[in-house]
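Novice: Attaching a single structure in structure tokens format; questions to follow.
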Amino acid sequence: MNDLLIRRARLMDEPGTVDVAIKDGYIVAAGGGVAGSARQMVDAAGRLLIPAFVDAHTHLDKALMAPQEGAGSLAEAIEDFQRRSRNMDKNDFVDRGRRVLLMALRHGTTVMRTHITVNESLGLKAVEAALTLKEEFAGKVDLQVFVMASELEPAPAPPLRELFEEALRLGVDGLGGAPHLSERMQEWVDYIFDLAVRYNVLIDFHVDETDAPSVASLEYIAAKTIQTGFQGRVVAGHCCGLAAVDEEKASRTIAAVKEAGISVITLPSCNLYLMGRRDKGLVRRGVTRVRELQAAGVNVAYASDNIRDAFRPFGNANMLEEALITAQVLQMGTPLELKNVMKMGTYNAAAAIGLKAYGVKAGDRADLVLLDATSPAEAIIGQVEKVCVIKGGRVAVRNDKKSDIII
């Protein structure tokens with residue numbers, strides 16, 4: 001007997017409807033008229049069934065730190081976090097992170113990658129909090145924890161090296177940082193690669209988050225990835241500077257990113273808010289060259305980044321909301337383009353962070369979301385309800401949005 005049977009579901013890439021049978025946390029059959037009984041039944045009634053959202057770039061340590069004053073730049077937002085986090089204890093980080101993870105689960109995200117800051121004044125408090133949340137939410141939201149130095153640290157000095165190594169011993173999943181913010185960018189990149197090779201962990205950098213026409217760190221990271229044989233194990237987030245360089249340099253850099261097997265994560269909602277602050281007249285949007293990257297065969301995802309903090313005072317840990325923002329800023333509005341955007345927050349994001357057995361076919365993990373729509377375009381444009389969220393083959397969340405219009 002199956003644990004769960006979803007009847008009459010519509011998938012992104014298949015005509016008509018299918019039945020999906022689930023047992024022991026995995027999809028055992030997906031097709032027309034799947035036979036067999038089940039302990040629990042869900043009638044999709046022709047609505048869209050997708051693999052659960054993957055939010056591949058967030059900052060739980062900073063989330064819900066509502067800004068007291070508006071940040072005028074990325075550097076000011078960083079300084080706001082540095083100042084306010086000094087006196088926070090582990091419980092504060094845990095509480096805010098828990099609230100965001102519950103928001104994310106309600107909105108259909110079952111996998112999240114968070115970047116967590118360490119520095120001498122903060123120590124490992126935020127890392128320990130994230131690892132506590134990883135254990136607490138096991139079976140609900142799978143949390144990947146990546147450690148990064150404070151974005152304003154000039155170099156990987158001995159105290160920071162000790163913090164990184166201790167974080168790895170505690171069990172973080174990978175390493176990152178924002179090397180482009182340091183004058184010793186190459187030293188930072190070399191250090192992270194050396195450490196990742198030694199501990200056999202993944203790398204996820206913040207890259208060229210600047211309005212300047214610069215791809216220096218992206219080019220260097222691509223070369224280093226190939227040199228170390230880390231193809232397919234490196235993610236580059238933001239890549240804003242790529243949008244500001246000329247076409248020749250952009251094409252050359254994108255080719256290097258493709259050769260290195262680097263996935264790119266664009267963060268439109270946050271970069272729209274932060275970038276271009278000092279532009280006059282035509283204000284740059286700060287969003288990377290998604291169309292050109294995809295045309296070259298680079299895997300591109302979107303994610304939520306910062307949620308209600310000095311970096312971005314908006315956000316609901318809602319990847320469908322982020323899809324709408326992404327589609328608008330990328331000017332992707334046809335049904336085919338909107339399906340592409342939906343895949344950027346699901347299949348592409350899963351590929352970026354190394355998830356296996358992900359999807360809606362036999363053998364895949366049964367992490368799914370039933371949307372109150374019949375197509376990705378309808379779901380994104382209408383910001384429809386997530387009727388139910390399924391995690392590990394069990395219904396984890398039921399949502400019901402109703403209105404009574406009385407005239």
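The UniProt record's numbering applies: residue 1 is where the sequence shown begins, and numbers increase by one.
By construction, the Cβ of each residue, glycine as well, lies at the ideal position given by its N, Cα and C atoms.
Have a look at ARG161 and ASP55 and give me their C-alpha separation to the nearest angstrom.
Specialist: 28 Å
Novice: Could you check the C-alpha separation between GLU120 and PRO159 for me, to the nearest Å?
Specialist: 7 Å
Novice: I need the DSSP call for MET112, collapsed to helix, strand or coil.
Specialist: strand
Novice: Determine whether the beta carbon atoms of ARG233 and LEU272 lie at a separation below 8 Å.
Specialist: no
Novice: Which residues in the same chain have their Cβ closer than 7 Å to the Cβ of CYS270, if we skip the five residues on either side of it in sequence?
Specialist: ASP305, ASN306, PHE311, ARG312
Novice: Flag this pair as yes or no: are the beta carbons of VAL127 and VAL172 separated by less than 8 Å?
Specialist: yes
Novice: Starting from GLY176, trace the beta strand (DSSP E) in both directions and tell me its first and last residue.
Specialist: 174-177 is the span of the beta strand (DSSP E), which, as asked, contains GLY176.
Novice: In the DSSP assignment, what are the bridge partners of CYS388?
Specialist: LEU370, ARG398
Novice: Distance cutoff 8 Å, beta carbons only. Does LEU272 sit that close to anything in chain C?
Specialist: Of the protein chains in this structure there is only one, and it is not chain C.
Novice: Alpha carbon to alpha carbon, what distance is there between GLU259 and ALA149?
Specialist: 28 Å
Novice: Count the other CB atoms within 10 Å of the CB of ASP246; is the residue buried (16 or more) or exposed (fewer)?
Specialist: exposed
Novice: For SER214, which three-state DSSP category applies?
Specialist: coil
Novice: So, are the CB atoms of ALA317 and MET103 less than 8 Å apart?
Specialist: yes
Novice: Given a cut-off of 8 Å, decide if ASP309 and ALA63 are closer than it, judged by their beta-carbon atoms.
Specialist: yes
Novice: With a threshold of 8 Å on Cβ separation, who are the neighbours of MET342 within its own chain once the five nearest residues in sequence on each side are excluded?
Specialist: MET12, ILE50, ALA323, PRO376, ALA379, ILE380.
Novice: Compute the Euclidean distance between the alpha carbons of GLY33 and VAL42, then round it to the nearest angstrom.
Specialist: 14 Å
Novice: Take ILE262 as the anchor and find which of GLY229, VAL100, PRO268 has the nearest alpha-carbon.
Specialist: GLY229
Novice: Should THR334 be labelled buried (16 or more other beta-carbon atoms within 10 Å of its own) or exposed?
Specialist: exposed
Novice: Taking DSSP's pairing of strands, which residues face residue 411 in a bridge?
Specialist: Examination of residue 411 is not possible in this model, given that the chain is present from 1 through 407 alone.
Novice: Which residue or residues does DSSP assign as beta-bridge partners of ASP13?
Specialist: Paired residues: none, contrary to the question.
Novice: Would you call the CB atoms of TYR199 and LEU168 closer than 8 Å?
Specialist: For TYR199 and LEU168, yes; Cβs fall inside 8 Å.
Novice: Would you be able to state if there are at least three C-beta pairs under 8 Å between the region 133-142 and the region 387-401?
Specialist: Cβ pair count under 8 Å is three or more, so yes.
Novice: Going by Cα to Cα distance, which pick from PRO154, LEU274, GLU166, ARG99 is closest to GLU136?
Specialist: ARG99
Novice: For ARG184, which residues of its own chain have a beta-carbon under 7 Å away from its beta-carbon, when the five flanking residues on both sides are left out?
Specialist: Only PRO154, ALA155 meet the Cβ criterion.
Novice: Is the beta carbon of LEU242 sitting closer than 8 Å to the one on THR288?
Specialist: Contact: yes.
Novice: How would you write the range of the alpha helix (DSSP H) that VAL376 sits in, first residue to last?
Specialist: Note that residue 376 is Pro in the sequence shown, not Val. Note, PRO376: alpha helix (DSSP H), 376-382.
Novice: Am I right that ASN299 and ASN348 are in contact with their C-beta atoms under 8 Å? What's the rounded C-beta distance?
Specialist: 6 Å
Novice: Between which two residues does the beta strand (DSSP E) containing LEU48 stretch?
Specialist: 48-51
Novice: First and last residue of the beta strand (DSSP E) that includes ALA266?
Specialist: Residue identity differs from the one stated: residue 266 is Thr in this sequence, not Ala. Element bounds for THR266: 263-266.
Novice: For the candidate residues LEU5, MET319, ALA66, whose alpha-carbon lies nearest to that of THR346?
Specialist: MET319
Novice: Return the Cβ separation of VAL360 and ALA30 in integer angstroms, given the expectation that the two are a contact with Cβ distance under 8 Å.
Specialist: Contact annotation, VAL360 with ALA30: C-beta distance approximately 6 Å; criterion of less than 8 Å satisfied.
Novice: Measuring only the C-alpha atoms, how far is MET112 from ALA350?
Specialist: 10 Å
Novice: Please return the same chain residues whose Cβ sits closer than 8 Å to the Cβ of ASP208, not counting the five positions on each side in sequence.
Specialist: HIS180, SER214, VAL215, ALA216, SER217, LEU218, HIS238, CYS239, CYS240, GLY241, LEU242
Novice: Between GLU165, ASP24, ASP19, which lies nearest to ALA196 when the distance is taken from Cα to Cα?
Specialist: GLU165
Novice: For the beta strand (DSSP E) holding GLY359, just list the boundary residues, first then last.
Specialist: Segment: none, GLY359 is in no beta strand (DSSP E) and carries neither H nor E.
Novice: State the start and end residues of the unbroken alpha helix (DSSP H) segment that holds ASP92.
Specialist: 90-106
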